[in-house]
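**Q** Residue numbers (the working numbering), protein chains in the order written: chain S, 3 to 327; chain F, 123 to 559; chain G, 175 to 466.
Heads up, the beta-carbon is just placed ideally off N, CA and C, and yes, glycines get one too.
1) Does the beta carbon of residue 223 of chain G sit closer than 8 Å to a beta carbon anywhere in chain S?
2) According to DSSP, is residue 176 of chain S part of a helix, a strand, or is it coil?
3) Give me the chain S residues within the contact set of residue 229 of chain G, using Cβ-Cβ distance strictly less than 7 Å, ordered along the chain.
4) Since residue 386 of chain F and residue 262 of chain F are thought to touch, with beta carbons under 8 Å apart, how far apart are those beta carbons, to the nearest angstrom?
5) Counting pairs of Cβ atoms below 8 Å between the segment 221-233 of chain F and the segment 211-219 of chain S, do you hit three or more?
6) Report the three-state DSSP secondary structure of residue 248 of chain F (helix, strand or coil).
7) Check this for me: beta carbons of residue 388 of chain G and residue 260 of chain G, under 8 Å apart or not?
8) Find the nearest neighbour of residue 149 of chain F within the set S/296, S/318, S/283, S/301, judged by alpha-carbon distance.
9) What are the complete alpha helix (DSSP H) segments, minimum 4 residues, inside the segment 225-282 of chain S?
10) How about residue 184 of chain S: is its C-beta nearer than 8 Å to some C-beta of chain F?
11) Put residue 280 of chain F into one of helix, strand or coil per three-state DSSP.
12) With which residues is residue 145 of chain F paired in a DSSP beta bridge?
13) Throw me the rounded Cβ distance for the residue 66 of chain S and residue 126 of chain S pair, which I believe falls under 8 Å.
14) Can you confirm whether residue 539 of chain F, when its beta carbon is compared against all beta carbons of chain S, has any partner nearer than 8 Å?
15) Would a C-beta distance cut-off of 8 Å place residue 368 of chain F and residue 411 of chain F closer than the cut-off?
16) Rounded to whole angstroms, how far is the Cβ of residue 539 of chain F from the Cβ of residue 345 of chain F, which I believe are closer than 8 Å?
17) Pick out whichever of S/168, S/151, S/159 has its Cα sitting closest to the Cα of residue 199 of chain G.
18) Go to residue 388 of chain F, then tell me how far its beta strand (DSSP E) extends in each direction, as first and last residue.
19) Is any beta-carbon of chain A found at less than 8 Å from that of residue 199 of chain G?
20) Which same chain residues, not among the five before or five after residue 70 of chain S, have their C-beta less than 8 Å away from its C-beta?
21) What three-state label does DSSP hand residue 194 of chain F in the structure shown?
22) Taking only beta-carbon positions, decide if residue 149 of chain F is within less than 8 Å of chain S.
23) Taking the straight line between their C-alpha atoms, what separation do you get for residue 165 of chain F and residue 451 of chain F?
24) Give me the residue from F/141, F/242, F/208, F/196 with the minimum Cα distance to residue 429 of chain F.
25) On a CA-only basis, which of S/214, S/33, S/259 is nearest residue 238 of chain S? Give me that one, please.
26) Let's see if you can read the secondary structure: which residues bound the alpha helix (DSSP H) around residue 405 of chain G?
27) Tell me the rounded alpha-carbon separation between residue 321 of chain F and residue 328 of chain G.
28) What are the boundary residues of the beta strand (DSSP E) that residue 235 of chain G is part of?
29) Answer with yes or no whether the minimum CB distance from residue 207 of chain G to chain S is below 8 Å.
30) Is there a Cβ from chain G that is less than 8 Å from the Cβ of residue 192 of chain F?
31) Do residue 487 of chain F and residue 478 of chain F count as a contact pair if the criterion is CB distance below 8 Å?
32) Checking 8 Å against the spacing of the C-beta atoms, do residue 147 of chain S and residue 223 of chain S come in under that value?
33) For the segment 172-186 of chain S against the segment 194-208 of chain G, do three or more pairs of beta-carbon atoms, one drawn from each stretch, fall closer than 8 Å, so that the two count as touching?
34) Can you tell me which residues form a DSSP beta bridge with residue 219 of chain S?
35) Check each candidate in S/319, S/279, S/291, S/292 and name the one with the smallest Cα separation from residue 123 of chain S.
36) Is residue 346 of chain F helix, strand or coil by DSSP?
Written out as structure tokens, the structure reads:
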């Protein structure tokens, strides 16, 4: 571990930066725009009517042109919802509002996918796995940081090593296990494993627990506290910020998970939002891009909210990874 | 309301019904037509038959069904392709429909076309019900033929005539032969049936009696040599660019045939549905795919017959109700209703009056004649077919790009035969160890 | 002695959830798959023992080698390009520019986006006909290729997309940059180093542990790539983006060759183990560097 983090910032360039400042700002803006663009474009497409999404226009907001005179358009029957009401002289903002409502409602009411159900399933799975992961990882991290025992550090190395094993390596073997347990098709494979701790969460919490002064729990032990008491009344209250980060990362990880639901779920009424989105996209022979993007935005939304609320602690949580001893 | 208490669809199920999960691959128009049929079934269910069928659209249905059945979590009825029958039969992953008590009364005497019946059976048992069938034909843009001064009622019958017409229709964008402005016929658009072409030369892919792959036969080699030559004539680069430009737009408004960028295309009867939807004014006709001179027989057209099928997975929650539903789906009126909605021919020997006359596919008689022809082929009935067809796909790609047809197919033959032999050996092993069922 | 033993029992008790979980969800399945890798097992049929046949089959399966190669290319692309991109962005973010906090957040955000959404979004960006990239190229008179439909462009396109999710690496790099002691820069200034040689001789060596860590993570991430090609290209065109994990998935759950898939998963497991041991070895080296 290195101790001297972040007292002042920005030492790399200093005054004598190689590039003139305006150029650096231009570069910064460029990077910002480039990284924001895919999400912005996704959101932008989700607001457009079908024909405009496919028009090759690069405007961020739909033009919502009035169908003037309807040139030869009536011959090809368009699906409902996709055409705006024929003569609509409400202000642009109102038309935009109803256009957006149309797109999102069409996704929610789609006949091929029940996104309400998928979002609910995702919420169930995420909640259960967040609870399990946070509690069990905290317990395990305590065993790795506040109790001295022989073989502890070697065992911890094994924990770190399991972090490196990708899910795709064990998806087929796990499928066989869950088949024997009779869990295929249920939500259990998606959250039960979280109740046994996860390598990354254990790692993160252990780092944090190590930073808590030992005197505190020694004092607690002198007062007659057991390990459990110390954990409950000293460590957990002090580690609340780290626990929150672990919980949020676990929420995001579970919400985003694709491979496990793909392998373990069979019936649509059990689909998670991410899997449902994939299904929704492949189910259409011709992709209605505006609707698929609307669905995509709905799946992103909860994660986005988490990010907006807890941006700083999430970034710092991830930054800790690099400081592995 | 984002969180209604009950999932959608379950709300309207009357109390006390056995709820069946029916997985099917169709969406769009085809899915809607099926939903109507299922709704009708659910509506007829009264006091004695207490079932309710949920129609669930499933993508990648072949693998999903296998994973669900293998994992012990199957639906009650699953709509698969006919090539799945041998594998499911051998694994006993589906329940043989001839073992149900209602079999002799309901199903045993259905007057299926003989090709269709072949597709439903394996090892002496019936494993599935049919759920529409189709053959492949050649579609022509008649307006385009007229434009170049051809008689739109005199369509090519032989491969030679096909090549000649294709060349006459082909035009390039200005500045060389790199990009096609209009294609005549291209075997790689849509590249879905790379195993189809041997049929045009009288070749077959598999001999059931000896359990051998036969893709090294002179007829198959002739077919692939013809493919290689036709790619070369158009220009491999131009043909590939055309395919990658239009290949993803098949069955959309930008479909190369429907949008008038391709004069001829090999397609199934359903294309008529998409024409109805996107180009109702398109003047088209379909005919049996042209064949080699020696194979040509106007009375007995060549072609490929395939069917969509319904199976009852082993271990499903409601087998008896599933069987009752399957029997309903085998009724002539039900299959004809679906066939009409999907623009396909009927899977039965005879049709009710008006079926042909009111059929939305103006060329339905062509597809029907192929389905009834004694020369019609079905795909190899071996569990190794899926892998075999993957080999053929790869072989098609490389021959199309210029590889030698004979050596390529010899290689496919060796590898396919090994797969077939392995499959047979495993079957014996399983039978020997007595753990098959 | 009893104290030591009791401590160990205590410790093991506390970490027992992890032990049980690892045994149940890792060791047992991997062990089971070791057995299944020696069988012909179609998921819907009972397994038949075939010895090492599946492992021999891998050797002569061209698609296997193709998948292995594709995955290697992808991982290599992610490591090399990802390292360059993440270091450059990290350095840019540490230039005390106003608004860099916000850009850092923007760069980090994509790492949290569900992989399905990200893939579908990029599928749309890359769309040959209506995608934003080709629309923009069209504005300057260039006819863009069908990015994902062209065997030559598909893999590079996927690697470029991977550059969108380098946020974690950037964040790790920036925090390493902040740990570089000011004194070193001052010394470099006194030595009259220009910005480039200062970066080369001071900054880079000091942040090399973080960069190496990022590279290892990128390698592991790249070697397990699965969802992105599955959703965006289905492995095509012509298997040019078929990743190893996808091929395992295909064999297990599409072809129903669970035995073969288990054998492939085992090989992948051993490869992952090699990379991991390498990573831990590299990590140990870092401590040494830092200490001196």
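**A** Straight from the coordinates:
1) no
2) Helix.
3) The premise fails here: residue 229 of chain G is roughly 15 Å from chain S at the closest Cβ pair, so nothing lies under 7 Å.
4) 6 Å
5) Segments in contact, no.
6) strand
7) yes
8) S/283
9) 229-232, 242-258, 261-266
10) True, the Cβ-Cβ gap to chain F drops below 8 Å.
11) strand
12) Note: residue 145 of chain F sits in a beta bridge opposite F/178, F/200.
13) 38 Å between Cβ atoms; not a contact.
14) No, because no Cβ of chain S sits closer than 8 Å to the Cβ of residue 539 of chain F.
15) no
16) With a Cβ gap of about 19 Å, residue 539 of chain F and residue 345 of chain F do not count as contacting.
17) S/168
18) 386-389
19) Annotation note: the requested chain A is absent from the structure, which comprises protein chains S, F and G.
20) Interpretation of residue 70 of chain S is limited by its pLDDT of 46, a score under 50 that renders its predicted location unreliable; no figure is taken from the coordinates.
21) In the three-state scheme derived from DSSP, where H, G and I count as helix and E and B as strand, residue 194 of chain F is classed as coil.
22) yes
23) About 14 Å.
24) F/242
25) S/214
26) 401-406
27) Distance from the CA atom of residue 321 of chain F to the CA atom of residue 328 of chain G, rounded to whole angstroms, is 34 Å.
28) Where residue 235 of chain G is concerned, there is no enclosing beta strand (DSSP E), given that its DSSP letter is neither H nor E.
29) yes
30) yes
31) yes
32) no
33) They touch, by the three-pair rule.
34) Beta-bridge pairing links residue 219 of chain S to no other residue.
35) S/279
36) helix
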